[in-house]
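Numbering (the working numbering), first residue to last: 1024 to 1731.
Even for Gly, the Cβ is constructed at its ideal location relative to N, Cα and C.
So the structure is just underneath, and the comments pick up after that.
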Amino acid sequence: MMLRDRSSTWEYREDRLLADTAQWRASLFTVGNGHLGTVGSFEEGFDGLVPATFINGLFVTPPGDLPVLGAVPEWTGMGITIDGEPFRLDRRSPAGFERTLNLRNGVMTRTVIWKGAESGVVKAVFRRTASMDDPGLVALDVTFTALTEPLTVMIEAGIDATIEGPFGALWDATGWKQLDADSLSLDARSIDGVHNLSVDCRLAGLEGWVVLRDQMHPRFHGTFRLETGASRTITKLVRYSSSIWADRRLPPPGTGVDEVIARSEPYWSRRWETSRIDVEGDPGAERALRFAAFHVIAAAPPTESPGSIGARLLSGYGYRHHVFWDTDVYVVPYLTVSQPDLARNHLHYRHDGLGGARRKAARFGREGAFYAWEATDTGDDATPVWGHLANGDRTRIWTGELEEHITACVAWATDHYHRWSGDDGFMARSGAEMMLDGAKYWASRLEVEADGAHIRNVIGPNEYHVHVDDSFFTNAMAGWQLRRAADTAGWLEKTDPTRLEGLLKDLSISEADLGAYADLAGRIVLRRNVDGVWEERDGFFDLDPVDLDSFRPTRRSLHDLLGDARTQQVQLVKQADVLMALVLLEEYGDQPGALAAAFDYYAPITDHGSSLSLAMHSLAASRIGRPEVAYEYFARAVGIDHDDAMGRGGQGMHAAAQGGILQAAIYGFGGLRLQGDVPQTFAQLPEHWISLGFSFVHNGVRHERLLK
């Protein structure tokens, strides 16, 4: 099996309009620079396709609701009429359509051939990009060509504050002004009164613009005539300035999209130097991996930010752009070895969230730091308490209270970054505090009894089973953090004893506490059967078996098909759970036969009801020397977003799926691992792959590998 091929592996392309899946397809054509992202909607509008631009970290809290990274006043809109008829693809199908996303430089291009009822044929080429040189700058242009006869084109373009997403209107326009003959500015304030936003817009390509004075949608109006064979380009430059960015002005008049692209290209070039990935023999896989790298980079804040990489990147409203463990375990491990500065920015975000994590721990009567399951800009947990099942039934959401492994996952990402980057300064200033305060949480959480230390009433990664005791993943990760905290304190005592002394004082951790952490970790209960398989949680092996094949094919999860009550009674796993613990924690995964035994037991009873699952199964299969099996999982993981395999693509792409396939390639097929402090590769290539080449960074030095 090979992934479907198209043309250049540096382009993501579609050559026909898919009207019934327009919102999902738009997410795939998102452009961004880490500070902001714009979904690939159509400038002229399209029924059912909601345009959206998200500014990372700009969370708004609607009355009585939870924070959401809602869309800001929209910049892409451009009303177009050709000889008096609205140019809209939802009202008149195009004679030709093509859309491409250039992965090298972040430019999205859409080409449309269109004929109105009473007009000739027009070719319209739209280009759009987000500047890597200026965080708030976005740019687009459209070139109209009259192909068969003269045309009259009317344009309306400005800033639209009337756009509403699924959470309603989040911004109030507070005023606007015309700056000069071809530019205007709109000011807005978030409905919770927290953020101010200014949006400047300049149009070029036409003289004699007429301003339409609309408080919520100020815009320019202009008309031009095209003779047969003639072309004209209209350019729109927009700059967002917000309460979390320093104010800057639009580039000088005359600046076009080509200049914005040119100024961005050195930034993209540097990013691709350390994100290079080449797959000879499978261009579809090569394209999918470059696509993933592009979108992860485009969603990652390039500077320290009150936001980070949300569960749906910057490509949709899914999960309100809240930050989950997806980022720590699926995205950061890739960034650590390709873009370590972006990984560090996320970890700074986690360090900034310690205040909220401490407040959450205190709320549950515990000590230390208990990280938010769904984080926004304060570190406080923004997980909803109630939600709805696929059938519409209301359901209690327990993850914010019980899915506690998030704390250890943040620590694991921190440690992974430190091991690969050698960034002792970050570890001393920030990482050690997260490691130690999380260990303090676990020490207060564990219940020590005669048979060992337990963590009761939790949810592990297998979210189908709630209120369980001794989740293997949770217990193993908690034990790892307790041991690693003691090791971190020992390292800091040697490298910066003054910092350690101050940190222990600030955290109210004694030397005796540090000594007790390793002992407590050794007492944590982990269960194994006679075949060497770790039990997913207490009592899992006693549950009824379930035959997943009897329910296939289906896009619905077995949890939905069985119902919640029956799901609790059967050996059903939502996503990689024990397998993931064995992949992350070498002390368990490297035990002879442990990972293979777990894979053979758990893979057949996992229904992959989460986007986090397939890529981790691919990585695990590579680790146990089964590259063909790994590739099957890898291809299915690619399909989560490229084929909308889970049916939720309209909410945006999945950060875990994109980060996960990159890990599956580099850490799985490439076998990249640290042995001591030395990077090693142990290739496990699928049979049809001729070679896998990639770059990575270790201790600040770029390395190249070509595996055959």
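Here Y1263 carries a strand assignment [DSSP, helix/strand/coil]. DSSP places F1449 within a helical segment (H, G or I) once states are collapsed to three. D1070 carries a coil assignment under DSSP once its states are collapsed to helix, strand and coil. S1531 counts as exposed, since fewer than 16 other beta carbons sit within 10 angstroms of its beta carbon.
For G1181, there is no enclosing alpha helix (DSSP H); the residue is found in the beta strand (DSSP E) stretching over 1174-1181.
Across the structure, F1317 and E1034 are spaced so that their CA atoms are roughly 11 Å apart. Cβ-Cβ separation between L1605 and A1621: approximately 6 Å, consistent with a contact (criterion under 8 Å).
If you compare the alpha carbons of D1215, A1405, G1231, L1549 with that of E1179, the shortest gap goes to G1231.
Taking the C-beta atoms as reference points, L1505 is found no nearer than 7 Å to L1537. Taking C-alpha positions only, D1667 is separated from W1047 by approximately 8 Å. A direct Cα-Cα distance of roughly 16 Å separates N1368 from H1345. Residue environment: N1722 is assigned as exposed (fewer than 16 neighbouring CB atoms within 10 Å of its CB, all protein chains considered).
Counting only runs of 3 or more residues that sit fully inside the stretch 1229-1288, the beta strand (DSSP E) segments are 1233-1235, 1242-1249, 1254-1265, in chain order.
By the Cβ rule, the stretch 1090-1104 counts as touching the stretch 1342-1358, because three or more pairs are nearer than 8 Å. For G1475, there is no enclosing alpha helix (DSSP H); the residue is part of the beta strand (DSSP E) that begins and ends at 1475-1477. As the crow flies, the alpha-carbon of R1728 is around 15 Å from that of E1309.
Looking at the DSSP output, V1148 sits in a beta bridge with T1134, T1166. By the neighbour-count criterion, in which a residue is buried when 16 or more other Cβ atoms sit within 10 angstroms of its Cβ, Q1362 is buried. Apart from sequence neighbours up to five positions away, the residues of its chain that approach F1082 with a beta-carbon distance below 6 Å are P1090, L1092, T1399, D1400, ordered along the chain. The residues L1523, in chain order, have a CB closer than 8 Å to that of E1516 in the same chain once the five nearest residues on each side in sequence are set aside. In the three-state scheme derived from DSSP, where H, G and I count as helix and E and B as strand, L1618 is classed as helix. By the C-beta density criterion, K1528 is exposed, having fewer than 16 other C-beta atoms within 10 angstroms. It is roughly 6 Å from the alpha-carbon of R1479 to the alpha-carbon of D1493.
Straight through space, the alpha carbons of A1509 and G1279 are spaced by roughly 56 Å. Beta-bridge partners assigned by DSSP to M1101: A1180. Annotated three-state conformation of L1092 is coil, per DSSP.
Under the three-state reduction of DSSP output, I1078 falls in the strand class. Cβ-Cβ distances below 7 Å link T1406 to W1396, E1397, I1420, T1422, G1423 in the same chain, with the five nearest sequence neighbours on each side left out; the list follows chain order.
DSSP places E1456 in the helix class (H, G or I) of the three-state scheme. Contact check for F1387 against T1430 fails: the beta carbons are separated by 7 Å or more. Two segments are said to touch when three or more pairs of C-beta atoms, one from each, lie closer than 8 Å; by this definition the stretch 1253-1260 does not touch the stretch 1209-1218. Burial check for F1657: the Cβ neighbour count within 10 Å reaches 16 or more, so the residue is buried. Sequence-distant Cβ neighbours of T1134 in its own chain, meaning closer than 6 Å and more than five residues away, are E1121, V1148.
If you check the CB distance, I1105 and S1142 come in under 7 Å. The straight-line gap separating the alpha-carbon atoms of E1609 and N1552 is approximately 20 Å. Between I1103 and A1118 a beta carbon distance of about 16 Å is seen, past the 8 Å cut, so the two are scored as non-contacting.
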